[in-house]
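Number of protein chains: 2
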Amino acid sequence: MEKTWATSAALATSAAPAAPAASGRGGTVSGADLHLDLSGPGGVRAALVRALRDAVRSGRLAPGTRLPSSRSLAGDLGMARNTVADAYGELVAEGWLTARQGSGTRVAQAPAVRPTAPARSGSAARSGSPARSASAGGPVRPPARPLHDLRTGTADISSFPRTAWAAAARRALTAAPNEAFGYGDVRGRVELRTALAEYLARARGVRTDPERIVVCAGFMQGLALLGGVLRRRGTRAVAVESYGFWEHHDVFTRAGLRQAPIPVDGRGADVTGLDERRDVGAVLLTPAHQFPTGVPLHPDRRTAVAEWAGRTGGLIVEDDYDGEFRYDGRQVGALQGLAPDRVVYCGTTSKSLTPALRLSWMVLPEDVAAEVVRAKSTGEWRTGTLEQLTLAEFITSGAYDRHVRSMRLRYRRRRDRLVAALAEHAPHIRVTGIAAGLHVVLELPPGTEQSTLQAAHWQGLALEGLSRYRHSAAPALPPGGPDGVIVAYGTPADHTFPGVLEALLRSLPPAG
Amino acid sequence: MEKTWATSAALATSAAPAAPAASGRGGTVSGADLHLDLSGPGGVRAALVRALRDAVRSGRLAPGTRLPSSRSLAGDLGMARNTVADAYGELVAEGWLTARQGSGTRVAQAPAVRPTAPARSGSAARSGSPARSASAGGPVRPPARPLHDLRTGTADISSFPRTAWAAAARRALTAAPNEAFGYGDVRGRVELRTALAEYLARARGVRTDPERIVVCAGFMQGLALLGGVLRRRGTRAVAVESYGFWEHHDVFTRAGLRQAPIPVDGRGADVTGLDERRDVGAVLLTPAHQFPTGVPLHPDRRTAVAEWAGRTGGLIVEDDYDGEFRYDGRQVGALQGLAPDRVVYCGTTSKSLTPALRLSWMVLPEDVAAEVVRAKSTGEWRTGTLEQLTLAEFITSGAYDRHVRSMRLRYRRRRDRLVAALAEHAPHIRVTGIAAGLHVVLELPPGTEQSTLQAAHWQGLALEGLSRYRHSAAPALPPGGPDGVIVAYGTPADHTFPGVLEALLRSLPPAG
C-alpha cells in the first residue's frame, strides 16, 4: 500500500536517542512523532545517513514509505539541499532506499518478503517473541496479515507440481554425467539451453540457438549483468516504461545508468520520443502484457521499437514475464522474433513454476552474449546446475508444457469468474488487460484509488494501486495518472478464490 | 599452468585486423606473433582496451597469461604509462583481466571452466566444429585435455550422493509448506539455517543461532556482499594471505577495497604487521588448512588475530572451505568459536558435496548480519530455496554426516597412498599440509617448479605450481617464493587414482 510521508511536521531533530515512537502501529508511520538523532561523530551528512538508516533498520520508517523531497527535508533540517540529496544517494546505493528519478525516494522493501503463510510447525526457530501479540481489547482492527493476497509478484505457488518436479529431479540426477557436478559452463548447462532454444522457438517464436542463451538465477540477476555490459559499452541511459516495476529499473541505476521513462497508453509503450534521447542505448519493455497496465504492445509499436533499435543500434530488453499465459487463442510471439539481433529476450520460471527456483534465461544477440558471459564469469554470479538439469528434463519430458497448459486453464477460469462477477455486481468498473497474464487492472473513478485500497485492507485483502507503479518522472501524463487497482488473480490458491472475489467486490467504490 | 608473457618482442602493433596467430598451439601463447590492432574510433586508450579485449575474447591471449607491466607495455607501444594502466584497470573491471596489486595483471580464467569429461551423448548441442580435430601426423603431442586433473577447486565430483540427494529432495518437496514456493526470507530458509546452526556447532565449534546465518549462492557471492558492506562501513583495505586464491581477493577489489597481503609461513598467516595498517578493516583467512600451503593456523596465531580484531574493531573472514576434512583425529574447531562477535564464518557445500549446488553460508556478528541482509535484499542476489530445503533435510536426516564421514575416509586413504608412494619412490620430496583438506604441497628443489609442471603436462596430468597462488605484492618473502606443486588428490575419481599416482611420480624431479 502507498504511504506518503508528509514533509511538514514530519521530522524533528533531536540529540537524544530515537524513541521507537511508531512501534505497535501496524506499520503505518505518521512521521510526526519520529525523531532523527543527528548527534554522533562525522559531519552533518554522515549523521543524517546514520539517522535515516537507523530509522529504516529499526522499522520506524516502514518499507514503501515515501520520503520528503531533498529540498523539503533540507528546509526542515536547516541543511544544504545537496547534503540531503547526497545522503539519499548513499542510502539508495546501500539498498535502504529506492529512488525514482526526481522526486519519490522511498524506503526499500523489507528483506523478508511476504510471509504469506505461517511457518511450518517444528521448523520455527525464531525464538523470542511470539508470532502474534494477543489482541488487547480496544477497537476492531484489520487483520494483522491479509487473509488474501492479490498483489503481483508470484503466481499461484500452491500449484507447484511437487511430484512431477521431484520425479524429474531424480531422472536428471541419475542421467547426469559426472562433469555436471563440477563448476561447468558459465552460460548454464547445455541440456537446459538446448531444451530452452527448442521450447522458446515453439511456444514464443524466439529465434535462437543454445550458444546465445545465458541461464541466470532470476530475471534481476540477468538485468544486473546486462546493465554492467551496457554501461561498459558507453550507454548512459535506459528507457523504461512510465508504468513499471521500480525494482527492475533500480537495477540499471545501480549499474550507473539513468532511467528515461517513456509513455504508456492503451497500445503499450511509445518509443517515438526516443530519437531525441541520444543517451538512451536500450529500452526495457514488457510487450506481451505491459506491467502493470496489462495491455499488449500494439503491432505498430512493435515495428516502431524494432526500427528504432535498427536505426540507432539500441538494444531492446524484452521482459516476457508472463508470456506463456494468453487466453484468447491469438498467441502473440515474442518481440525478439522481429529483431533477434537487437533484442535481449528474458524469461523465467518465476511465474510459470515458482520464484523459489531462481532460474531465468536471456536470449542474446551474439556480440552481447559474449560480453554477458564475460561479466558472469566472476564467481559471485555462478548459477547452480543441478536444478538446471531438472528443468531441462522437465521441459523435454513434456511436463513443463502440461503444467503451463493446466495453469493457463486454471487462470483463465479465474479471470472469467472475476470478469463475470464484476460485470454483474460492479458494472461501472472497467476491466483492462484481460487477454493475457496473471493480473488485470480495474479502472476506478478519479480520486478513489487510496480509499479503495483502504477498504480492501479492512476486508483482509492485500491489493496494489496503479499509482504504486507509476514512474515519478513520467512525462506527458496527467498529474497523478489514472486511478486503478491491480488484481493479481493468479496469486491466491484455488480454493480461496470465491472468498477473494467477495472481499474484492465489497472493497470497490459504488456506482455514480 | 603458469604462463608468462615476456614483454620484449611480445607485441607488435598493426593497423591490419589481427591474425589468429596463436591458434592450434594447445593454448600456449608466445606473444611474438600476436598483433594488437590499434586502429578504429576513439582515442589510444579505447583502441588499446578494444585490442586487448579482442585478443582475450578470441583466445589469442589464453586464460592465465601474464601481461607485461604497464610501464613495459607503454614503452613498447610508445604510450603514456597511465594510458596502459587505465586500459588494464578497465579490463579488470570488466572481468577480462585480473589484477594482483602492483605487477601481475593476467588474463582471467575462461568462462567455461574445466570440461573434464566429454559431453553426455545426445546432449551435445554445440553444432559446427567436431569436438576434437583429427591428429594430423607430426610430432607426438601431449594430450589435448589432461587425462587426470590434480588441480584444486573441486573435490571428487564423481562421488556426489545422487540417490540420497534425490530422496532428500523428494522428502523436502513433499513436506514443504506452500509459502516455501514464494520469494521467502532473504537470509535463506529457516529450516536450513536451523539445521546449519546445529551442525556447525557440533562439527565445527561455531557459536551462533539461525538468525545470524545468511545463505548465499556460493562463497564468492557472500564475499561480494560482505565487500560491499565493508566498503560502506568505511573500510579501505582487506588483508589477504600472501599465498591464496586471487579470485577471492579480486572480489574485494571489485567492491572498491585494496588488498593488503600478509605473510604466510609454517604456522599460517601472520597478522602482527596489521597494527601499522590503519586502512585494513578486515582480514580473509583460511585457518583450517591454509590455501594453498596446507598448514593449519597455529593456536598462537589464532589468538593473535582475534586480539587484533578485538583491539581494532576489525573483522576476520574465516574461509572454512575444507574444514570438514581433517584426518589426524585432532579436530580443530573454527576460529569463529574464539571470537563470534568479530568473525564472519564462511562455509559451503562446494567441497563436501558439489560446487554445482551453489549453496554457502555466512555466520555473522549481529550488526554485520543486518547490513549483509540489507545488501542481499536487491533481487539480483536472491538464492533459490528448493535446494535449501533439500540440504536442510539432507543434514537433519543424517545423510550429510554419513557422506562427509565416507568421503573423509576415502580422501584419507588416498592421502595415505600418496604419502607412502612418495616416501618410497621420491623420498627427497617433502610433503606438507597433510593433516587436513583435499590437497598437499610437494616442496621442490629451487628452480624446478616450471619444469615439473611441464613434465606433468606431458604425463597427461593437470597440476598447479605454488607460485600460481603467490600474491604479487607479498612482502617479506624471498623473491619468487619457494618452489612447489599442489597435489589436489581429492579431485580425481577413485578408480583413476593408481594411474594418477604413477603419472605424478614420473613427473617429479630426480633426487640430487
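Sequence order for the protein chains is D and R. According to our numbering, the stretch in the first sequence is residues 1499 to 2010, in order. According to our numbering, the stretch in the second sequence is residues 1499 to 2010, in order. Even for Gly, the Cβ is constructed at its ideal location relative to N, Cα and C.
- With the criterion set as a beta carbon lying under 9 Å from some beta carbon of chain R, the members of the region 1736 to 1769 of chain D are Glu1745, His1746, Asp1748, Val1749 and Arg1752, in sequence order.
- DSSP, reduced to helix, strand and coil, places Ala1934 (chain R) within a strand of the structure shown.
- Within the same chain, Gly1835 and Pro1838 come within 6 Å of Arg1705 (chain D) by CB-CB distance, once the 5 residues on both sides are set aside.
- Under the Cβ distance rule, Tyr1586 (chain D) does not count among the residues neighbouring chain R, no pair being separated by less than 8 Å.
- At a C-beta separation below 9 Å, Trp1663 (chain R) has these neighbours in chain D: Ala1667, Leu1671 and Leu1884.
- With a contact defined as Cβ atoms closer than 8 Å, Val1985 (chain R) and Leu2003 (chain R) miss out at about 11 Å.
- DSSP places His1787 (chain D) outside both helix and strand once states are collapsed to three, so it counts as coil.
- Contact annotation, Gly1877 (chain R) with Gly1726 (chain D): C-beta distance approximately 15 Å; criterion of less than 8 Å not satisfied.
- CA-CA distance, Gly1997 (chain R) to Lys1849 (chain R), rounds to 23 Å.
- At a cut-off of 8 Å between beta carbons, Ile1711 (chain D) makes no contact with chain R.
- One alpha carbon belongs to Glu1922 (chain D), the other to Leu1951 (chain D), and they sit about 21 Å apart.
- If you draw a straight line from the Cα of Val1736 (chain R) to the Cα of Arg1756 (chain R), it is about 6 Å long.
- Counting along the chain, the unbroken alpha helix (DSSP H) around Val1749 (chain R) starts and ends at Trp1744 to Arg1752.
- Proximity of Phe1789 (chain D) to chain R, defined by a Cβ-Cβ separation below 8 Å, is not satisfied.
- Among the residues of the region 1678 to 1707 of chain D, those with a Cβ less than 8 Å away from any Cβ of chain R are Ala1678, Phe1679, Gly1680, Tyr1681, Gly1682, Asp1683, Val1684, Arg1685, Val1688, Glu1689, Arg1691, Thr1692, Ala1695 and Asp1707, in the order of the chain.
- A direct Cα-to-Cα measurement between Gly1573 (chain R) and Arg1579 (chain R) gives close to 8 Å.
- Considering only beta carbons, the part of the region 1838 to 1868 of chain D lying closer than 8 Å to chain R consists of Thr1852, Pro1853, Ala1854, Leu1855, Arg1856, Leu1857 and Ala1868, in chain order.
- Between Leu1855 (chain R) and Glu1885 (chain R) a beta carbon distance of about 6 Å is seen, short of the 8 Å cut, so the two are scored as contacting.
- Of the candidates R:Arg1564, R:Ala1786, R:Phe1658 and R:Arg1551, R:Phe1658 places its Cα closest to the Cα of Ala1991 (chain R).
- At the C-beta level, Arg1824 (chain R) and Ala1933 (chain R) come within 8 Å of one another.
- With respect to the 8 Å criterion, Ser1965 (chain D) and Glu1947 (chain D) are classified as neighbours on the basis of their beta carbons.
- Across the set R:Val1938, R:Thr1883, R:Val1929 and R:Ser2005, the C-alpha of R:Thr1883 shows the shortest separation from the C-alpha of Gly1680 (chain R).
- The way I'd put it, the region 1796 to 1816 of chain R does touch the region 1776 to 1784 of chain R; three or more beta-carbon pairs between them come closer than 8 Å.
- Comparing C-alpha distances from Leu1589 (chain D) to each of D:Thr1751, D:Ala1693 and D:Leu1724 shows the shortest one belongs to D:Thr1751.
- In terms of Cα proximity to Asp1707 (chain R), the closest of R:Tyr1819, R:Arg1700, R:Thr1692 and R:Ala1560 is R:Thr1692.
- Arg1649 (chain D) is not a Cβ neighbour of Ala1890 (chain D), given a cutoff of 8 Å.
- The beta carbon of Arg1660 (chain D) sits closer than 8 Å to some beta carbon of chain R.
- For Leu1772 (chain R), no alpha helix (DSSP H) encloses it, and the DSSP letter there is neither H nor E.
- Counting C-beta pairs with one atom in each stretch, the region 1905 to 1918 of chain D and the region 1764 to 1772 of chain D have fewer than three that are closer than 8 Å, which means they do not touch.
- Leaving aside the five residues that flank Val1547 (chain D) on each side, the residues in its chain whose CB is nearer than 7 Å to its CB run, in chain order, Ala1585, Glu1588 and Leu1589.
- It is roughly 54 Å from the alpha-carbon of Gly1754 (chain D) to the alpha-carbon of Arg1915 (chain R).
- Ranking D:Gly1808, D:Ser1656 and D:His1926 by CA distance to the CA of Val1841 (chain D) puts D:Gly1808 first.
- Counting every other CB atom within 10 Å of its CB across the protein chains shown gives Ser1904 (chain R) a total below 16, marking it as exposed.
- Here Tyr1741 (chain D) carries a strand assignment [DSSP, helix/strand/coil].
- Under the three-state reduction of DSSP, Gly1766 (chain R) is assigned to strand.
- Taking a C-beta distance under 8 Å as the contact criterion, Val1605 (chain D) and Gly1562 (chain D) qualify as a contact pair.
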